[in-house]
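Some notes on the structure that comes next.
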Amino acid sequence: MSSQRSFVAIDAIVTELDSARAVAPPRVLVVEDDAVIGHLISHLLTRSGFIVELAADGQRAQELMDRVTPPTVVVLDVMLPFVGGFELIERVRAKPQWAKVPILMLSSKSHENYVVRAFGAGVDDYVTKPFRPDELIARVRRLAGM
Amino acid sequence: MVALVAIDLTIVRAIGGSRRRRHQELERQWLPLLIAGLEQPPDRLPLLQARDITWFCTLWIRLHDAIKGVHDPLHTIAARTGVADGVRRMFFRKNRGDRLLAIAMLGRLQDRTLWDELVQLASDRDVILSLGAAQSLVRIDATKAIRLLLPIIATRDDWTPATVAAMLELAGPTAISTELAEAIPRTPSSQAHRLIRFLRLAHADVAAPLLRSLIRHVEHVESVTACLRAFTDADDLDAVRPYLRHPRWEVRLRAVETLGRLATAEDEEQLTAMLADREWWVRYRTAHALCQLFANDLVRVSLLQAFHPDPFARDILAHVLAERAA
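From first to last, the protein sequence lines stand for chains Z and A. Just so you know, my numbering puts 107 at position 107 of the first sequence, and the rest follows in order with no gaps. For any residue, its number in my numbering is found by taking its place in the second sequence, counting from 1, and adding 1000.
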């Protein structure tokens, strides 16, 4: 009887968690070393209903990866101090909980030749800088399944 | 003496620290306003002080260059701050950094008031200033600027082709096509290659017939190689193939490179023969061209490597196949 009550309680918690997950805004980890672009992306995504965590370099992103639960989407610059964009992609893909998180890569036009390499490394989409704000938001929303 | 130097260093550090704090404060104040202003211009803006104009321009340009398609709100905010007056004053300062910033800002603001000064500056001996001025002219009025700039591009060997190409791409094919086609025949033959190489950025219906005619008539090797590099259509391969037998290796090299971009299966035999060229670079580019031609069938290239009668050909193919596999 008491074990039956426990199952009912667990069911209730699971349902509560599911509904909480359903209403919680999707989270985006933005890894961008240019403060202006980082703030710009944060602003655009926050206005579109995302919760944004901003990491100014690859090392800081790695620290967040070790500490926080996986976000809905990762937006990542290619050229990053300390831990480069490609290395970070490898680390994200190697971390079981994070392995399936969609990654959108940002690259400047002059680094466009990295795009093929990036898809090979496991990114899901890319946007070149300079970018159209509405395009960036639309692509992140698509990756987030919204 | 040591004490004096220490005092000087302390003062310099204090000034640097105070300036850094001021800039951080300004960034906290202005960056959210500028970013939010992309969607909705703010009702009120802080007063932009004269001493902060340089800093403001730097921030404004960074944001301007990070985005595309939505620059109007940034222009509106810039107009409301009255920054343009400060930029014009900055243009005439002696400090080179300030002048460069002013030039960059004038272009992005599409401010025509110093057009003549920018035209003059585009011919300056200072490479950075002159290129900056040229780029700003293009941003202000691309067609008018290109007409003025092409004779300068033809004479300047200190403007790198990549930078000029970026400037012409900024202007766009519509602004450059007819102007380039008209400027090339007027340009002395020894300088024409500096313009011919940019025909690849022009509209194909203007560039292709001109290139076909030019390659038959130009004399300078630089112009021939510039023509070969500018071909972008496989229909032009008949004009390219004869240059595989040119006595100058630089020309053979460019011909092979063009084949690498445009070749069809019928070029296999000629390219295979080029693997035995006496010049290493020609052999190297030929090997790459063959790998490109058979990118989906590299086994075929491996077989070619194994059975080619020329040892240099086998060597270069092995080298390039190893490079591609790495």
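Just so you know, even glycine gets a beta-carbon here, dropped at the ideal spot from N, CA and C.
Counting along the chain, the unbroken alpha helix (DSSP H) around residue 88 (chain Z) starts and ends at 85-94. Between the alpha carbons of residue 1323 (chain A) and residue 1294 (chain A) lies a distance of about 15 Å. Ranked by Cα distance from residue 57 (chain Z), the first of Z:105, Z:141, Z:81 is Z:81. With contact defined as three or more Cβ pairs closer than 8 Å, the segment 1047-1064 of chain A and the segment 1095-1105 of chain A are in contact. DSSP places residue 77 (chain Z) inside the beta strand (DSSP E), whose first and last residues are 73-77. Where residue 1136 (chain A) is concerned, there is no enclosing beta strand (DSSP E), although the alpha helix (DSSP H) around it starts and stops at 1127-1140.
Under the 8 Å Cβ criterion, the segment 85-104 of chain Z counts as touching the segment 114-134 of chain Z, having at least three qualifying pairs. Of all C-beta pairs linking the segment 1035-1049 of chain A to the segment 1092-1099 of chain A, fewer than three are shorter than 8 Å, placing the two stretches out of contact. Annotation for residue 1129 (chain A): 1096, 1099, 1100, 1103, 1121 place their beta carbon closer than 8 Å to its own, counting only its chain and skipping 5 residues before and after. Following the DSSP letters along the chain, one finds residue 105 (chain Z) inside the beta strand (DSSP E) bounded by residues 103-108. Against residue 131 (chain Z), the close residues of chain A are 1066, 1067, 1068, in the order they occur along the chain (beta-carbon pairs closer than 8 Å). Rounded to the nearest angstrom, the Cβ distance from residue 137 (chain Z) to residue 54 (chain Z) is 16 Å, too far for a contact under 8 Å.
The secondary-structure analysis by DSSP pairs residue 1158 (chain A) with nothing; it has no beta-bridge partner. By the Cβ neighbour-count rule, residue 69 (chain Z) is exposed, with fewer than 16 other Cβ atoms within 10 Å of its own. Listed by position along chain Z, the residues whose Cβ is nearer than 7 Å to that of residue 1035 (chain A) are 39, 40, 43. Collapsing the DSSP output to three states places residue 1144 (chain A) in a helix.
The beta-carbon of residue 1228 (chain A) is placed no less than 8 Å from the nearest beta-carbon of chain Z. The shortest CA-to-CA distance from residue 1243 (chain A) to any of A:1143, A:1233, A:1144, A:1274 is the one to A:1274. A distance below 6 Å between beta-carbons, with the five flanking residues on each side excluded, links residue 1042 (chain A) to the following residues of its chain, in chain order: 1033. Residue-level contact check: residue 1062 (chain A) touches chain Z, since one or more beta carbons of chain Z fall below 8 Å from its beta carbon. Listed along chain A is no residue with a C-beta nearer than 9 Å to that of residue 30 (chain Z); the closest approach is about 13 Å. Per the DSSP secondary-structure output, residue 29 (chain Z) pairs in a beta bridge with Z:53, Z:74. Assignment of residue 1307 (chain A) by DSSP, reduced to helix, strand and coil, places it in the helix class. In the structure shown, residue 125 (chain Z) falls within a strand segment according to DSSP collapsed to helix, strand and coil.
The C-beta distance from residue 1271 (chain A) to residue 1263 (chain A) rounds to 7 Å, short enough to fall under 8 Å. Note on residue 39 (chain Z): 16 or more other CB atoms within 10 angstroms of its CB, so buried under the neighbour-count rule.
For residue 131 (chain Z), the three-state secondary structure derived from DSSP is strand. Contact check for residue 1230 (chain A) against residue 1200 (chain A) passes: the beta carbons are separated by less than 8 Å.
By the neighbour-count criterion, in which 16 or more other beta carbons inside 10 Å mark a residue as buried, residue 1305 (chain A) falls on the buried side. For residue 1059 (chain A), the residues of chain Z that pass the 8 Å Cβ criterion are 36, in the order they occur in the chain. Its chain contains 1198, 1201 as the residues whose beta carbon lies nearer than 7 Å to that of residue 1165 (chain A), once the 5 sequence neighbours on both sides are disregarded; these appear in chain order. The beta carbon of residue 1031 (chain A) falls within 8 Å of a beta carbon belonging to chain Z, placing the residue at that interface. Counting other Cβ atoms within 10 Å of its Cβ, residue 1285 (chain A) reaches 16 or more and is therefore classed as buried.
Chain-ordered, the chain Z residues with CB closer than 9 Å to the CB of residue 1038 (chain A) read 40, 43, 44, 133. Taking all protein chains in view, the Cβ of residue 62 (chain Z) is crowded by 16 or more other Cβ atoms within 10 Å, so the residue is classified as buried.
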